[in-house]
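K.L.:
I have a structure I would like to understand better, so I am pasting it below and will then ask my questions one at a time.
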Amino acid sequence: MLKIELHEGWTVRAVGGRVPETIAGAVLPAAVPGTVHVDLLAAGLIDDPYRGVNESALTWFHRSAWRYETVLTAAPAEPGERVDLVFDGLDTVATVELDGAELGRTANMHRAYRFDVRELLSADGVPLNVRFDSALEHAEQVEKEIGARPSAYDHPFNAIRKMACSFGWDWGPDLQTAGIWKPVRLERWRTARLAAVRPLATRDRLTVHVEIERDAPADLVVVVSVLGRTEEVAVTGDRATVTIAVPDAPTWWPAGYGDQPLVPVEVTLRAGDETLDEHHARAGFRDVRLDESPDEIGSRFTLLVNDVEVFVLGLNWIPEDHLLTRITRADLAAAVDRAVAANANLLRVWGGGIWESDDFYDVCDERGVLVWQDFPLACAAYAEEDPIRAELLAEARQNVTRLAPHPSLAVWNGGNENIWGHEDWHWKPRLGDLTWGAGYYYRDFPELLSELDPTRPYHPGSPSSPGHDPEVVHPNDQRYGTRHEWEAWNREDYTYHDGFVPRFCSEFGWQAPPAWATLVATLDPGDLRKDSDAFLLHQKAEDGNGKLERGLAHHLPIPDDFAAWHWATQLNQARATAYAIGHLRGHAPRTMGSILWQLNDCWPVTSWAVVDGESRLKPAWYALRRAYAPRTVSWQNRDGGTRLVAVNDTDLPWRAPVAVRRLRFDGTELAATEVSLHVAPRSVQVLNPPPALLAAADPDREVLVADAGELRATHLFAEDTVLRYDPAAVRAHTVVVDGGYSVTVTAASFARDVAVLADRVAPDAVVDDMLVDLLPGETRTFTVTTEASVDAEVFSAPEVLRSANALAAPTRVG
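The opening position of the sequence shown corresponds to residue 570 in this note's numbering, with each subsequent residue numbered one higher.
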């Protein structure tokens, strides 16, 4: 097998639609893999759609057509040689021509295509062209032919197999990309090739399933080698299975539970002494299953790896960049590392995005990050007729085969909010007798997985109540399966989480703007207002700013100053994140999973992400890291009272004294006691403080503090809107250190949520911690990493050294 990349020498030009005159006649160098937007940006023919209001100036692109062109120079096929032209991904409605002959038409960005071109090659070169037509117009035509299905947005993204969020989302731009977005190559081979290889590893066994494409008769043998063992089988027909027992295989564990050994697997296809094809993979030996057994509440939803129950500390994952072809393996590694650094052990690849790349899964394999993989269907009804059905199942077969070997892959999920949408979003009158996707979730996907990957659990949808008719047991019922909690953000408050104890919460979250440095790079100075057109174009949620302010009003003052408003909304997101996670973890083992919406952004936007579109950490990331720590203490509202909840998510028992004090903000001690923690491994302990500790005489100027070693939990007896904080509670001293600055903050009075917003000093600046509560006389040193050289005093500026106190009154910092 000889593989030859075809990534050089491409051009692209517009061939249809109302394209601006400056672009219509241009023939541009084309990056392959790439998309037209990226080429237009490189040529300076469009402004960056992520900046200002530029996105709105590109709606013409939605109904445009483009032609990629190159010359394919390749020696003609020799006798007995097969030559294939392979496209790993075409985005999306494409017509492929070689030397004037149409090879095929495509309408699915999520699958690969292969064309036999042995009769069309020439050493003198022949033209290779790929035309991309409007995905939007194609989807509109499909709707006319098979009937329109409802969805959460105006564009018919559910009528074409293209990344749903390419058409815009409540956090993403509407750009509708087009292009040769994955590698393209020639493959030259003889006799037979490995069409598909699926190494499926459990703790003590490797089973390799092989599919063969033949081009000539021959006696074939498949050879598999792993851990010094080699087995071979003769191929009859076009399939073979090789099973190797590996009782001494090293065990792969998720992060926080053990190591992640990855073992090379070699698969060879032979005809006699000739090697025809090879496949190289890595295996991680582990077992994974879901415990969904009935109990007195409903039924469990607990993930087990190697028969050990795992409390899922998860984050929802969207594409790291809306312009997908700009994402590198290094970008993915950095993003996953930010999740690992926040103590997460699972990423959910959300159903409105893409089947992620092998690079993404490789990175997760290496770091022990479990992956929950949605089938790419989201927030819509999906037709179960062709052309959608055939495309969807072909795509699913390809991608299940591709991803199944990765040990990090833990759960297959039928889609995002589609079952819930059918029950609650007024779809039924619009659908009538039209299909909506149930056949995929309850029949097709389970059947496909039973054939291709029986080693992993499947869940019909997030949310859903598996095993129950959704018309009888609601798909978002807290007693079963998975729950999405969006009433808190949309209509209530983050304390609304107290009213529900789900078995597993796979979506919840709170919004905030991106980091200040990201805003400054995205918006012009005059647009740094919450009501500017540019700011609102980067706030995609329905009534997003209104929800931000109503959420603020429950807890914090709503500042008039934009910079203070920015800080207040970021602080509220951080508090909402910690509150919800504390509630979920505190109810283990009834609740056994928390998947926050969301880790990342695909562009600079106000959203639920804890890492913004320029990869800057929001304050909520620091709150998440603390809330997902292996051991935590927090004050929670439980059973009508205030309780101290200790979570021990380690393999060792946790015994520690806890000093519990009620103090005035000036440090005067009003009541104190010591309690003892005795928390078993992977367990929770709930402690009831003595009544005297909860009997605040002055609720607006007292704080309840619990210190367990280096861990601290504070509880306030009133909201910040009425608390009598000292607005000048902190002073700071900064010195230069290797790699940046050391900022030592000292508290003269109780200081809540102290933060150094380092990116306001330099765009590359990152602080090691934030949202720290300090008692009078205490100090905390923050380390800021940056290459910038600045006046150290700037870290004491009120817009940099922030706290909740600063929102209560104008700030003075000494």
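All residues carry an ideal CB built from backbone N, CA and C; glycine is no exception.
So is Ser-1245 buried or exposed if we call it buried at 16+ other beta carbons inside 10 Å?
P.N.:
exposed
K.L.:
Expressed to the nearest angstrom, what Euclidean distance is found between the alpha-carbon atoms of Pro-1026 and Val-802?
P.N.:
29 Å
K.L.:
DSSP three-state label for Glu-960, please.
P.N.:
helix
K.L.:
Enumerate in chain order the residues of its own chain whose CB-to-CB distance from Val-1304 is below 6 Å, with the five nearest sequence positions on each side excluded.
P.N.:
Ser-1311
K.L.:
Could you pull out every residue in the same chain whose Cβ sits closer than 7 Å to the Cβ of Ser-735, ignoring the five residues on either side in sequence?
P.N.:
Cβ within range, chain order: Leu-744, Gln-745 and Thr-746.
K.L.:
Return the CA-CA distance between Pro-1158 and Pro-1071, expressed in angstroms with no decimal places.
P.N.:
11 Å
K.L.:
In the DSSP assignment, find the beta strand (DSSP E) that holds Pro-1226 and state where it starts and stops.
P.N.:
1223 to 1233
K.L.:
Examine the Cβ distances between the segment 1059 to 1076 and the segment 1308 to 1324 and report whether three or more of them are shorter than 8 Å.
P.N.:
no
K.L.:
So, for Glu-577: in the same chain, excluding its five sequence neighbours on each side, which residues have a beta-carbon less than 7 Å away from its beta-carbon?
P.N.:
none
K.L.:
Quick one: residues in its chain with C-beta nearer than 6 Å to the C-beta of Gly-1383, no 5 flanking neighbours on either side, listed in chain order?
P.N.:
Residue confidence is low: Gly-1383 scores 36 on pLDDT, short of 50, so the model does not pin down where it sits. Its coordinate-derived value is still stated next. Only Arg-1300 meet the Cβ criterion.
K.L.:
Which of helix, strand or coil does DSSP assign to Tyr-951?
P.N.:
coil
K.L.:
For Arg-1281 versus Arg-1233, is the C-beta spacing smaller than 9 Å?
P.N.:
no
K.L.:
Please give me, in chain order, every unbroken run of the alpha helix (DSSP H) with length at least 4 that falls completely inside the segment 618 to 646.
P.N.:
none
K.L.:
For Lys-1109, which residues from the same chain have a beta carbon less than 6 Å from its beta carbon, with the 5 sequence-adjacent residues on both sides left out?
P.N.:
Asp-739 and Trp-740
K.L.:
Can you name, in chain order, every residue of its own chain whose Cβ lies under 7 Å from the Cβ of Gln-967, other than the five neighbours on each side?
P.N.:
Arg-680 and Ala-681
K.L.:
So the alpha helix (DSSP H) Val-909 belongs to, where does it begin and stop?
P.N.:
898 to 910
K.L.:
Tell me whether Ile-988 is buried or exposed, calling it buried when 16 or more other Cβ atoms sit within 10 Å of its Cβ.
P.N.:
buried
K.L.:
Is it buried or exposed for Arg-1381, if we count other Cβ within 10 angstroms and need 16 for buried?
P.N.:
Note that Arg-1381 scores 41 on pLDDT, short of 50, meaning its location in the model is unreliable; the coordinates nonetheless yield the value given after this. By the 10 Å Cβ count, Arg-1381 comes out exposed.
K.L.:
Please state whether the Cβ-Cβ distance between Val-1042 and Tyr-1049 is less than 9 Å.
P.N.:
yes
K.L.:
So, at 7 Å on beta carbons, what are the nonlocal neighbours of Glu-1356 in its own chain, with the 5 sequence-adjacent residues on each side left out?
P.N.:
Only Asp-1333 meet the Cβ criterion.
K.L.:
Taking contact to mean 3 or more Cβ pairs, one atom from each stretch, closer than 8 Å, check whether the segment 816 to 831 and the segment 847 to 859 are in contact.
P.N.:
Three or more beta-carbon pairs separated by less than 8 Å link the segment 816 to 831 to the segment 847 to 859, which places the two stretches in contact.
K.L.:
Taking only the alpha-carbon atoms, compute the straight-line gap between Leu-972 and Thr-1024 and give it to the nearest angstrom.
P.N.:
The straight-line gap from Cα to Cα measures roughly 12 Å.
K.L.:
If distances are taken between C-alpha atoms only, which option among Pro-1199, Val-1216 and Ala-1198 comes closest to Gln-1205?
P.N.:
Val-1216
K.L.:
Going by the CB atoms, is the gap between Ala-1084 and Asp-1322 shorter than 9 Å?
P.N.:
In terms of Cβ geometry, Asp-1322 and Ala-1084 do not form a close pair [threshold 9 Å].
K.L.:
From Val-1335 to Gly-1095, what distance separates their C-alpha atoms?
P.N.:
Distance between the alpha carbons of Val-1335 and Gly-1095: 26 Å.
K.L.:
Please name the residue or residues paired with Cys-1074 in a DSSP beta bridge.
P.N.:
Arg-1052 and Ser-1163
K.L.:
Closest to Asp-1181 by CA distance: which of Ser-794, Gly-1120 and His-1107 is it?
P.N.:
His-1107
K.L.:
Please report the straight-line C-alpha distance between Trp-1177 and Ile-615, rounded to a whole angstrom.
P.N.:
Here the C-alpha atom of Trp-1177 lies approximately 29 Å from the C-alpha atom of Ile-615.
K.L.:
Could you name the residues that DSSP lists as bridge partners for Thr-1315?
P.N.:
Arg-1300 and Thr-1348
K.L.:
Please go through the same chain and pick out, in chain order, the residues whose beta-carbon is closer than 6 Å to the beta-carbon of Gly-825, but skip the five residues on each side of it.
P.N.:
Asn-914
K.L.:
In or out: Val-793 buried (at least 16 other Cβ within 10 Å) or exposed?
P.N.:
buried
K.L.:
Whose C-alpha, out of Leu-1256, Leu-1003 and Arg-1251, is nearest the C-alpha of Val-1229?
P.N.:
Leu-1256
K.L.:
Excluding sequence positions up to five away, which residues of its chain have a Cβ less than 7 Å from the Cβ of Thr-1091?
P.N.:
Contacts found: Tyr-619, Arg-620, His-1107 and Pro-1173.
K.L.:
Under a Cβ-count criterion, where at least 16 other Cβ atoms within 10 Å of its own Cβ denotes burial, should Trp-629 be classed as buried or exposed?
P.N.:
exposed
K.L.:
Do the segment 891 to 899 and the segment 867 to 883 touch if we need at least three Cβ pairs shorter than 8 Å?
P.N.:
Flag = no, the segment 891 to 899 and the segment 867 to 883 do not touch.
K.L.:
Less than 7 Å between C-beta atoms, sequence neighbours within five positions excluded: which residues of the same chain meet that for Glu-780?
P.N.:
Ala-764, Ala-765, Asp-807 and Arg-808
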